[in-house]
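I have placed the structure first, in the form of structure tokens, so that the comments after it can refer back to it.
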Amino acid sequence: MNRVFNFSAGPAVLPEEVLREAADEMLDYRGTGMSVMEMSHRSKAYDTIIKEAEADLRDLMKIPDNYRVLFLQGGASQQFAMIPMNLMKNRKADYIVTGQWAKKAYQEAQLYGEARKIASSEDRTFSYIPDCSDLPVSEDADYVYICENNTIYGTKFKTLPDTKGKPLVADVSSCFLSEPVDVSKYGVIFGGVQKNIGPAGVVIVIIRDDLITEEALPGTPTMLRYKIHADNASLYNTPPAYGIYICGKVFKWLKSRGGLEAMKEYNEKKAKLLYDFLDESKLFRGTVRREDRSLMNVPFVTGNEETDVKFIKEAKAAGFENLKGHRSVGGMRASIYNAMPMEGVEKLVEFMKKFEEENSSYV
Ligand SMILES: *Cc1c(COP(=O)(O)O)cnc(C)c1O
Numbered sequence: 001m002n003r004v005f006n007f008s009a010g011p012a013v014l015p016e017e018v019l020r021e022a023a024d025e026m027l028d029y030r031g032t033g034m035s036v037m038e039m040s041h042r043s044k045a046y047d048t049i050i051k052e053a054e055a056d057l058r059d060l061m062k063i064p065d066n067y068r069v070l071f072l073q074g075g076a077s078q079q080f081a082m083i084p085m086n087l088m089k090n091r092k093a094d095y096i097v098t099g100q101w102a103k104k105a106y107q108e109a110q111l112y113g114e115a116r117k118i119a120s121s122e123d124r125t126f127s128y129i130p131d132c133s134d135l136p137v138s139e140d141a142d143y144v145y146i147c148e149n150n151t152i153y154g155t156k157f158k159t160l161p162d163t164k165g166k167p168l169v170a171d172v173s174s175c176f177l178s179e180p181v182d183v184s185k186y187g188v189i190f191g192g193v194q195k196n197i198g199p200a201g202v203v204i205v206i207i208r209d210d211l212i213t214e215e216a217l218p219g220t221p222t223m224l225r226y227k228i229h230a231d232n233a234s235l236y237n238t239p240p241a242y243g244i245y246i247c248g249k250v251f252k253w254l255k256s257r258g259g260l261e262a263m264k265e266y267n268e269k270k271a272k273l274l275y276d277f278l279d280e281s282k283l284f285r286g287t288v289r290r291e292d293r294s295l296m297n298v299p300f301v302t303g304n305e306e307t308d309v310k311f312i313k314e315a316k317a318a319g320f321e322n323l324k325g326h327r328s329v330g331g332m333r334a335s336i337y338n339a340m341p342m343e344g345v346e347k348l349v350e351f352m353k354k355f356e357e358e359n360s361s362y363v
């Protein structure tokens, strides 16, 4: 067996301990004589799995009692529609556009009502987070929307926008569980789990009680109503059962490592190692305004496309996978999620130093 250092933005690296445990339980889950994949989602064994997953997530994030946790399907992208369908009572919502994912959500919302762009960082290829301390939030906006960590561009909101009392809706796909959050500051927190938590196929929605109502826009399919899923404890239909089981294991793994405070400390150490190197390197440089840098996704370039290609190729041969930047921006990107060990970042920086020495003629 040869595990690589996987810097993929998603689906991404998972904790090896979790994968091993799942492998051990693959054929016979704890004496049931079957795999979790083969099990009724209404069985006693599965009931324990999904309830423990929710309880552990609540524990990790200190989710207040007036928030519901939903395990849904359709990826983060389906939430781009589900949010306006369920929340746009006045058919008005304000969007802060800080990257491709926020832009997609903003465009999707236009199908359902008046989505207004109240801030954007597109003027400088989304390389920063705009000042959101005093935005022209609409009087009758149903919510204000952000993508909290921009997976493609590597920026992160370090302070949440002032929504002037409107519910804040945040896509946290690529920073989910990377650090502690104050859930009470949000109306809705959602994310696809394939970035920092588990296998693709599960999206987690944490939503404040009062935002779950019978009303949804006319024509909203039953499956896209938060109320249906909340009333049925995420078991209205067959949930992404195996994916939720793996998420549950990752929640336990995070708890065993000291929870989100400890993860934040670890993630900061990992990111600092890479950013410090980028700041002193003569060949490589980061592409994001310093104060807005993500702890999870680190884009960088050499400034020469050929050198970028050479680097990605040689890095791959040395066991560093998926360092190619998103197809829309080029260059490189190292995603260093919770499950990326410090050793992976140390080895990557060592490799980058060596590459820089060998390619100093390019500088
Ligand atoms: C990956 C990603 C998405 C899209 O997720 P899907 O589950 O593929 O729909 C949305 N938002 C962010 C921030 C992402 O990183």
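Numbering of the sequence shown is given in this note's numbering, commencing with residue 1 and proceeding in unit increments.
Glycine is no exception: its CB is placed at the ideal position from the N, C-alpha and C atoms.
>> So, at 6 Å on beta carbons, what are the nonlocal neighbours of K264 in its own chain, with the 5 sequence-adjacent residues on each side left out?
In response: E179
> Y153 and K117 look like a contact to me (Cβ under 8 Å); what is the Cβ gap, rounded to whole Å?
Replying inline: Contact flag wrong, Cβ pair sits at about 17 Å.
> If you follow the beta strand (DSSP E) that G191 is part of, which residue opens it and which one closes it?
Replying inline: 188-192
> Using a Cβ-Cβ cut-off of 8 Å (strictly less than) and excluding sequence neighbours within five positions of A318, which residues of its own chain qualify?
Replying inline: F351
> Which residues count as close to ligand 1 when the rule is a CB under 6 Å from any of its heavy atoms, in chain order?
Replying inline: G10, G75, A76, S77, W101, C147, T151, D171, S173, S174, G192, K195
>> For a minimum of 3 consecutive residues, which ranges assigned as the beta strand (DSSP E) are wholly contained in the stretch 131-202?
In response: 144-147, 168-171, 188-192
>> Just list the residues that DSSP pairs I118 with in beta bridges.
In response: DSSP, once it has assigned bridges, lists no residue as partnering I118.
> For the beta strand (DSSP E) that V298 lies in, which residues bound it at each end?
Replying inline: 297-301
>> DSSP three-state label for F351, please.
In response: helix
>> If I follow the unbroken alpha helix (DSSP H) through S256, where does it start and stop?
In response: 241-256
>> Please state whether the Cβ-Cβ distance between G99 and N66 is less than 8 Å.
In response: no
>> DSSP three-state label for L72, please.
In response: strand
>> Using the three-state DSSP reduction, which class does E321 fall into: helix, strand or coil?
In response: strand
>> According to DSSP, simplified to helix, strand and coil, what is V97?
In response: strand
> Excluding sequence positions up to five away, which residues of its chain have a Cβ less than 7 Å from the Cβ of K249?
Replying inline: V18, E21, A22
> Alpha carbon to alpha carbon, how far is A55 from E346?
Replying inline: 34 Å
> Thinking C-alpha only, which one of M26, K353, C247 is nearest F176?
Replying inline: C247
> Under three-state DSSP, which class holds V363?
Replying inline: Low per-residue confidence applies at V363: pLDDT is 49, beneath 50, and the placement is therefore not dependable, though the value from the model is reported in the following sentence. V363 falls in the coil class under three-state DSSP.
> Among G113, K269, L260, V183, which has the Cα closest to the Cα of D142?
Replying inline: G113
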